[in-house]
Amino acid sequence: MPSQESEALSDLYRDWSRRMAANPAMAIDEFRDLFEEWAGVTGTPEKITFTEAMVGDIPVTWARPDDTSERLLVCLHGGGYVTGSRASHGKLFGHIALATAASALIVEYRRAPESPYPAALEDALACYRHALASGVAPERIAFVGDSAGGGLCISAALALRRDGLPRPGAIFLMSPWLDLSASGESYDSNAEHDLIVSRPVIQGLVPALLGEHGDINDPIANPILADPNGLPPLLIQVGGHESFVDDSRAFAAKAQQAGVTVELEIVPEMQHVFHFLAGAAPEADAAIQRAGAWLKAQLGEH
């Protein structure tokens, strides 16, 4: 049974759903402001410093724990490629950085619909190349992302493979959105449980992401269609009550068949990106500690 503390995220999602239903023509700026409230359910991490910076013309935030290492997390936030930011996700990624004793580079990539695909992908790749140019070894870098940011992590790894660039040492995905066609059966079986993600929501986001020139059949844009061969080790954590749970099952199975090292954790009765409850609910804290230990093992202990 979910902890009482985990209800804070469910309550937030119910509130958002009510507000969006009451204002179906909500302006995009108001829609984005709504999703900034994600940060309100996350506990404030301690013994970590956040510094805003720029990578070229891309705004970023560095999160550096007091106790850190040579490991680096390139963090890509969720929000349907339309919402979400460094601010909404900063504390969450800070908790993951602490659990990994790693610096985190939190990327404020360009968002749709103003900047459709491949803008976010280009920004993610630019920040990864910046890390390499700064002297960080690729095997010490992990991509970390939630929801749309999780899909973007896979898209970035696929693009690196396409371009012949070094792959990162690991990828950690939280509740990833990997199938733009929303074909998973869990959209139906979890329709009464998932309080924020539904098939109509996804079908509304895809045109904004792809714009006039994107193609839903492009496997880099739509990772569920991709050949995962050669991807780095993957850890996927997803809530059992999510519409996206079949995205994770299907991609994990496909990656395993391609010889990729994959760990899939389905956490019972949890909501979409339950990790936002880091520092506030035991399920999120336990998942992040497991992820931190896994990332240390993949990226090296020092």
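Residue 231 in this note's numbering is what sits at position 231 of the sequence shown, and the numbering runs on without skipping anything.
For each residue, glycine too, the CB sits at the ideal point set by N, CA and C.
For residue i, which three-state DSSP category applies?
i	result
Gln271	coil
Leu180	coil
Phe276	helix
Gln237	strand
Ala226	coil
Glu192	coil
Glu265	strand
Val206	helix
Val201	helix
Gln4	coil
Ile220	coil
Met26	coil
Tyr81	coil
Phe35	helix
Ala255	helix
Asp215	coil
Glu283	helix
Ser69	coil
Ser243	coil
Phe299	Before going on, a small fix: residue 299 reads as Leu here, not Phe. Helix.
Leu231	coil
Gly40	helix
When DSSP builds the beta bridges, which residues end up paired with residue i?
i	result
Val260	In DSSP, Val260 forms no bridge with anything.
Phe143	Val74, Ile171
Phe50	Ala63
Val55	Ile58
Buried or exposed: where does residue i fall if 16 or more other Cβ atoms within 10 Å of its Cβ makes it buried?
i	result
Asn23	exposed
Asp67	exposed
Asp246	buried
His77	buried
Arg71	buried
Asp146	buried
Asn190	buried
Gln257	exposed
Asp33	exposed
Ile171	buried
Gln237	buried
Asn229	exposed
Met174	buried
Glu242	buried
Ser6	buried
Glu46	exposed
Taking 8 Å as the CB-CB cut-off, is residue i touching chain C?
i	result
Leu277	Within the model displayed, chain C is absent; a lone protein chain is all it includes.
query: Looking at C-beta atoms only, is the number of pairs between the stretch 203-214 and the stretch 252-270 that lie closer than 8 Å three or more?
result: no
field: Segments assigned alpha helix (DSSP H), at least 4 residues, entirely inside the stretch 85-165
entry: 86-100, 119-133, 148-163
field: Validate contact between the stretch 107-119 and the stretch 284-301 using beta carbons, cut 8 Å, 3 pairs
entry: no
task: For the stretch 282-290 and the stretch 210-221, state whether three or more C-beta atom pairs, one from each stretch, are separated by less than 8 Å.
output: no
query: Is there contact between the stretch 36-44 and the stretch 137-151, where contact requires at least three CB pairs shorter than 8 Å?
result: no
query: Does the stretch 85-98 come close enough to the stretch 181-195 to have 3 or more Cβ pairs within less than 8 Å?
result: no
query: Does the stretch 88-103 come within contact of the stretch 115-126, defined as at least 3 CB pairs closer than 8 Å?
result: no
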